[in-house]
Structure formats: C-alpha cells, structure tokens
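Protein chains in written order, with my numbering: chain A, 932 to 1152; chain B, 68 to 427.
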Amino acid sequence: MSHLGERVSALVDGELGHVERERALAHLTFCADCRSEVEAERALKNRLRALDGPAMPADLTMSLLRMSEPGGPLPPRVRPFPDASRSFGGVPLPGMHSGGPPDNRPRGRAQSRGGRARRAGYVAVGLTSAAVAFGTMFVVGGLGATPAVVPQMEKFANQHKTTAPYGQLNVFGSASTPPAVPYEPARGDGAPYARSAHDTPTPTPRPATPAPGTPSTPPLR
Amino acid sequence: MSRSSLGVLVAAVVLLSLAVSARAGTVPPPDQEGDDTGLHLLREAAAAARLQDYTGTRFVTSWGISGASSTLFDVRHTAAGGLFVDDVSPREPGRWVDPGSLAGGMASPPEGMLRTLAGNYRVVPAGGGVVCGRDSLIVEALRPDGTRAARFWIDELSRLLLRREILDGAGRVAYADTFLDLTLPDPRPVPPATGSAPAEPPRVPSPSPSPSPPQSLPQSPPGPEELDRLRARGWEFSGSLPGRLRLFSASDAARDYLYLGYSDGLSVVSVFIQPGDLDETRLRGWHAQSLDGHTIWIRDSVEREAIWASGGHVYTVLADAPADMVDAAIAALPHEGEPGLWLRMGKGAARLLSWINPFE
C-alpha cells in the first residue's frame, strides 16, 4: 500500500468512510512516515482550534444599528480610535478592525429629524391654543343668545281672526263683553294701514241680545 | 212755449227723475268705479250686515294640501248689539266679533277692504242664484287675466252676504263661507249704495252711552312714520307680499312680537314675528316640511298655519287664503339659516375684549 498522501487530512478531519478509515489505520501501524504526518496534522488543527476568534468591532455594530433603525437620533458614536486624522473630508475612515461601511450619509439628515419633531410640537401647541381660543369665543358668543320660543298660537289666531282688514278695531272677548264700537265709519282716505287689535281699548259692556228661535231654511242649492 | 206745455215738460222731468231714483236701488251704474260694476252690491252687503238683525248657521270650509277642514258657527246679529259668533264645538265659548273680520265671515268688509278689492280685481255682477232658499245676486271678482278669484252671493231682499267663495289660481274653490240657514225677523231696507265710497257710512245707533269713547282710540292709522318707527326698532318687514297682498296693519304693541296683516281685498294673511329661536321640541301636532332646504312646520286647520325660524326670529303665518297664495307669501318671507359660526365667534371675541378692556 502506498502512503496516505492527501488522505491524511481527511483522516484527521474524520471524513473517510468506514472501510477507508480501517485501511488507513492499518497502514499507519507499519508506516512511520504517514504516522508522523498524521500527528503533525492533528497538532496543527488543535493549535488553530485553541486560537480566539476576532471580536465584533463597536464601530461596525453601531453602523449596522444606524442602518436598521426607523428614525430618531442615535446615541453618540463610540469610536475605538477617536483620531481626527483618520477622517477624509470630515467623514471618518473605518478603522483597521471595523468591518462596517463608513458613515457617509449627509450630516443634516439626523438634524432635520429633530427639527421636524420640534416643528410638529410647535404646530400641536398652536393648534391646541387656537382650539381653546375659538372654543372660548364660541361659548362666550353663545351666552345671552336669543331665547327659545314657541309661538303663542291661541293669541295669534285670535288676533288673526278678529282683525278687520283696513277697518277699525276688532273687539274680542267672551259673551259678556260685547263690542264697544259696533260700527266704525270706513276710512275714506284709502289709507293702506289700519290699527291692529292691540290698540283695542277695554270693551264696553253691553247686554247680549238673546238669539230668537231660528227656523231652518234650506241650504245652498 | 205755452204755460201748459212748460208744465207738462216739468212734470215729465220730475216723473223721470223719480223713476230713475226708484231704480237706483237695484241697478246703479257707478261711473266712478269703471269696470267694477258689482262693487256697489258689496257695499250694500257691507251695510246690510251692520243694519239687519238676523240669526243663522254658517259653515266655513277651506281646502288645503291635506284635504278640507270645516267649522260650523251659530251667528246672531242685531243692529244694536253687534255680531255674536258661537263655535258649535264646546271648546271655545262664543264671542262678539267685528262683522268685517274673518271671525265675522267678512260679512261687512270696511271701505278700505273694498277699495283694495276693486284695485286688485274687477268686480262684476254675474247673474243670480239661490242660497238657503233665498234668491241672491252673484258678484264675481275677476283677476286681470279674466279668471275668477272670488264669488259672492248677496240676498236680493236684505242684501246680506249669504255665501262667499275664494278660488285659487287654478279655479278651484279654496275657501267657502256660507249660511246653511238664515232667519231675518225684521228685514230693513238698505239704502242703495252710490257709485263712489260713502262719505259717511250708515252708523248703527249706540244703545247706551259708551264708557270708552272713541276718543281713546288712535285717530289716525299708522302711516309711513309708524312703519319707520317699527323698522328703527329693528323689525324687518315688507310692505307687500306676492299675490297682490298689501300691508294693512303693523303693530308691536304686544312688545314681544310684531304683528303684520296683509290682504288683497279677499284673503287675509297674518304674519307674527318673535325674536328668538324656535323650540321645536314643544311643537305638538305640527309636522315638518322642507321648502328649498329650509324646514317649515305646518298644521292643517281651517286657516293655513306655518311656523319657521330665520335669522334669530320665529315667523308664524296664519292665512285664510288659497294655498298657492300662502305658499308664495311664505316663500317671500325671510328664510335664513341658523346664525353663522363667524357671527357667533365675532360676538364672543367682542365680549371677551369688553371683559378685559379696562376702559370700557
């Protein structure tokens, strides 16, 4: 059997099949070269496994967080190397251990978010103040408004029925208060206006005429 | 010419004069009134309604949008006592009324009413008829287009107004007031009316000294000055309404409302204006109707009745008139919406300023 060759790594990594692995182990029992090569391979692998992995740089973490947040100001960046010389054109250059992209976004963007919030606050305060002012004026303007009324229908109907158009005063009352002026001379001046029933003086008592018997006559034909 | 011939001529002239004067009571040609050849009959009816003693039953019907409404009255009139009208319904007691008012059946319209009638319509005789078994003369009021606006039946013997009808623009009877029975115990002759307005209408003798003499009444009707005074107090109203309705009365003597009376010589429309907002929750028996987006409350009765609010005032209309005339009158009256928001805000701002103003 020839030497293991490239199968040394596969044996160390445990990637050989059952039969291949038995063959390789049998070869190692009598081949000192292959046995020493396998040991060297295992020692190298153990050393590599013992090494610490690289830490996530803080700059990369902050950059990633800044890219994913929906909005609002971020806490101040913690630079591992706060060196002004590691910037180009005001834009900080990524450090040796930073895996994140450089923050080359416009600086005014974060500031406009804050101004917008402030403006929204101002608008809210203004609207609230205006609402309070208009509400106050509305309420105060309604004070002492015209009262709710219901027409005095009985009184109105009486005046409507008993007012003689273009004539003299009407006299209305009960059966015990016959008219004070049975007849008023008609105006000859043709004046378009006449007195209303409100101008009626106190009716003059006058005995009511009893109604005689009234034989019926045929109605309208 | 001989003396005998002269005597015959004088006798003929005297006889002719007597004959003419004897016929004047039946057919007087009123030259001064032009085409209103039936107006003298209405004047005679107005005088008879004040002079004749009579009793009877009147039946009043009006046709509105929801049908007819009728009322029955017992009436009794004496020249000395006046006119007593008793609604047959037990709700209201009888009362004394002016024969020239609606409650009196407009049996004796004043001269101003007749003049307004003649000014708006052509009043002509239209033959004869029978009412309550009594022969009557018919008088018609015609519109300028020749259509009938009203018909009157006048008793041939007593000249009393027996029946009165008002027709709408379509020629339908909108209002009728008629005697169902009439008794005239002592018909009196009515002096024939002349062609012009009577200088001194027949006056009913006063049966007893009146404790409230006419001097206590205002002697002159309210004229333009009175209307200006009312307008200066803040009342807004028009001197006329559609349908030839003219303002005949305006008074705020009740202090809490303004009364306006309009008439065309036939119908009467009363408008009452109250400052305030309409309390619709207390309107029972009324139903709302929309007029050009504005709410009007109406109620069916013998009179047309309508209520609405406009511009901080409540308007109430009572009308004994055809529906088309009432609708046109209502549409011509103010119909503003509620007081505007900005007006109320302005009042509030002014009030706030007055509160903080130390110099006010």
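Idealized CB from N, CA, C, for every residue including glycine.
- CA-CA distance, residue 311(B) to residue 235(B), rounds to 13 Å.
- About 40 Å separates the Cβ atoms of residue 392(B) and residue 1072(A), ruling out a contact at the 8 Å cut-off.
- About 4 Å separates the beta carbon of residue 170(B) from that of residue 1092(A), a gap short enough to meet the 8 Å contact definition.
- Membership of residue 372(B) in the beta strand (DSSP E) is indicated by the continuous run 371 to 377.
- Runs of the beta strand (DSSP E) lying entirely within the stretch 293 to 338 of chain B and spanning at least 3 residues, in chain order: 312 to 318, 325 to 330.
- By the rule that beta-carbons nearer than 8 Å mark a contact, residue 374(B) touches chain A.
- Interface annotation, residue 256(B): not in contact with chain A, CB-CB separation never under 8 Å.
- According to DSSP, residue pairing for residue 402(B) in a beta bridge does not occur.
- Residue 367(B) carries a strand assignment under DSSP once its states are collapsed to helix, strand and coil.
- In the structure shown, residue 961(A) adopts helical secondary structure according to DSSP, grouped into three states.
- A contact between stretches requires three or more CB pairs, one per stretch, nearer than 8 Å, and the stretch 360 to 373 of chain B fails this requirement with the stretch 315 to 331 of chain B.
- Close to chain B, meaning a Cβ-Cβ distance shorter than 7 Å, are the following residues of the stretch 1054 to 1065 of chain A: 1065.
- In the structure shown, the three-state DSSP call for residue 131(B) is strand.
- Per DSSP, the continuous alpha helix (DSSP H) segment holding residue 421(B) begins and ends at 408 to 423.
- Among the residues of the stretch 341 to 374 of chain B, those with a Cβ less than 8 Å away from any Cβ of chain A are 341, 342, 343, 344, 345, 346, 349, 350, 370, 372, 374, in the order of the chain.
- Look at residue 212(B): its C-beta is not under 8 Å from any C-beta on chain A.
- In summary, the residues of the stretch 307 to 320 of chain B whose CB is separated from some CB of chain A by less than 9 Å are 313, 314, 315, 316, 317, 318, 319, 320, in the order they occur in the chain.
- Distance from the CA of residue 314(B) to the CA of residue 207(B), rounded to the nearest whole angstrom, comes to 24 Å.
- Residues of chain B with a Cβ closer than 7 Å to the Cβ of residue 1068(A) are, in chain order, 412, 415, 416, 419.
- Rounded to whole angstroms, the gap between the alpha carbons of residue 122(B) and residue 227(B) is 12 Å.
- Interface annotation, residue 392(B): not in contact with chain A, CB-CB separation never under 8 Å.
- Cα atoms of residue 129(B) and residue 137(B): separation of roughly 7 Å, rounded to the nearest angstrom.
- By a beta-carbon distance limit of 8 Å, residue 389(B) contacts residue 334(B). Their separation comes to about 7 Å.
- As a beta-bridge residue in DSSP terms, residue 356(B) pairs with 363(B).
- At a cut-off of 8 Å between C-beta atoms, residue 377(B) does not count as an interface residue with respect to chain A.
- Not flagged as an interface residue toward chain B: residue 992(A), since no C-beta distance is shorter than 8 Å.
- For residue 385(B), a Cβ of chain A is located within less than 8 Å of the residue's own Cβ.
- By the C-beta criterion, the stretch 144 to 159 of chain B is judged not to be in contact with the stretch 289 to 296 of chain B, since fewer than 3 inter-stretch pairs fall below 8 Å.
- Taking a Cβ-Cβ cut-off of 8 Å, residue 1051(A) has no neighbours in chain B, whose nearest Cβ is about 27 Å from it.
- Interface criterion met: the Cβ of residue 170(B) is under 8 Å from a Cβ in chain A.
- The residues 366, 385, in chain order, have a CB closer than 6 Å to that of residue 372(B) in the same chain once the five nearest residues on each side in sequence are set aside.
- Residue 1053(A) sits in a helix when the DSSP states are folded into three classes.
- Contact residues of the stretch 174 to 195 of chain B toward chain A are 177, 178, 179, 180, 182, 183 (C-beta to C-beta distance below 7 Å).
- For residue 232(B), the three-state secondary structure derived from DSSP is strand.
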